[in-house]
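Participant: The structure follows.
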Amino acid sequence: MEPTYQGAVRPRRVGLVEDHESVALGLTSMLAPEPDLDLVITAGTVAELLSAAPELDLVVLDLRLADGSAPEDNVRALREGGHEVLVFTGADNPFLVRAAARAGVLGVVRKSEDVQTVVSAVRSAASGEQVVTTDWAAAIDGDPQLPDVGLSPRQQEVLTLYASGEKASRVARMTGLSEQTVNDYLGRIRQKYADAGRPAPTKTDLYKRAVEDGWLPVPERNPRA
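Just so we're aligned, residue 57 is where the sequence shown starts under our numbering, counting upward by one.
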């Protein structure tokens, strides 16, 4: 259910951690026309934002900050403070993106993207949805620090079909398995990822894990309108 404020839908409250004034002004300008998004605080560091103790639906985070802080530390600090995170970056350093992804961000969006793409990513992340982009997938593709979960060939097949968008009933028909067996496989697959420290409680999470492990291709960039 959407949050309400005095009988109306409350805008999603967004914070920004960014130490370049021009970028901060740019995002402010992008979000200003959107009635469902409200950029309520801009800070130069994570510590500065957290010290203000704002109530936020999302924090948009630059990976490279002048204080020299590590991206994964910043993401963990924000999440421990109860904030979900969307990375907003030049994406010029896959190592930094991988580090942030492992710490649990909702997604990665380039600063060079068009306004529509950036606003759409912020809106999705502020609603708690994961933002799967080419940059996110490419940065973690082949990451040697992602532990192998040891799926069997049959589990790989079920994961690939299900994570690509098929329903469990359809996967059952395509593989010759019963729907209950497919659901059992999915439960075991989720448990294996959880045991490896890579939880996948939702179908979107399973899609991300399948991309990470090479069972599904890195998504192509959406064509621009």
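No residue lacks a Cβ here, since even glycine has one placed at the ideal position from N, Cα and C.
Bear in mind that the values here come from a model prediction, so they are computed numbers and not experimental data.
(1) Note down, in chain order, each residue of its chain lying with its Cβ closer than 7 Å to the Cβ of Ala266, except the 5 sequence neighbours on either side.
(2) Starting from Ile97, follow its DSSP beta bridges and name the residues at the other end.
(3) Could you spell out where the alpha helix (DSSP H) holding Thr145 opens and where it closes?
(4) What are the boundary residues of the alpha helix (DSSP H) that Arg66 is part of?
(5) Name the one or two DSSP bridge partners that Val187 has.
(6) Can you say whether Ala88 is buried or exposed, counting buried as having 16 or more other CB atoms within 10 angstroms of its CB?
(7) Could you round the C-beta distance between Val153 and Val164 to whole angstroms and report it? I think they count as a contact, below 8 Å.
(8) Can you check DSSP and say which residues form a bridge with Leu114?
(9) Under the three-state reduction of DSSP, which class applies to Gly243: helix, strand or coil?
(10) I need the DSSP call for Asp123, collapsed to helix, strand or coil.
(11) Tell me, to the nearest whole angstrom, how far the beta carbon of Leu162 is from that of Val187; I am working on the premise that it is less than 8 Å.
(12) My output table needs one value for Val175: the three-state DSSP class, helix, strand or coil.
(13) Are Thr145 and Asp123 closer than 8 Å when you measure CB to CB?
(14) Helix or strand or just coil, what does DSSP make of Val267?
Facilitator: Reading off the structure:
(1) The residues are Leu215, Thr216, Ala219, Leu272.
(2) Beta-bridge pairing links Ile97 to Gly71.
(3) First-last for Thr145: 141-145, but that is the beta strand (DSSP E), not the alpha helix (DSSP H).
(4) Where Arg66 is concerned, there is no enclosing alpha helix (DSSP H), given that its DSSP letter is neither H nor E.
(5) Looking at the DSSP output, Val187 sits in a beta bridge with Gly163.
(6) Exposure of Ala88 is indicated by the presence of fewer than 16 other C-beta atoms within 10 angstroms of its C-beta.
(7) Rounded, the Cβ-Cβ distance is 6 Å, consistent with contact.
(8) In the DSSP output, where bridge partners are listed per residue, Leu114 has Val70.
(9) Helix.
(10) DSSP places Asp123 in coil when its eight states are reduced to three.
(11) With a Cβ gap of about 6 Å, Leu162 and Val187 count as contacting.
(12) Residue state, collapsed to three classes: helix.
(13) Not closer than 8 Å, so no.
(14) DSSP, read as helix, strand or coil, puts Val267 in helix.
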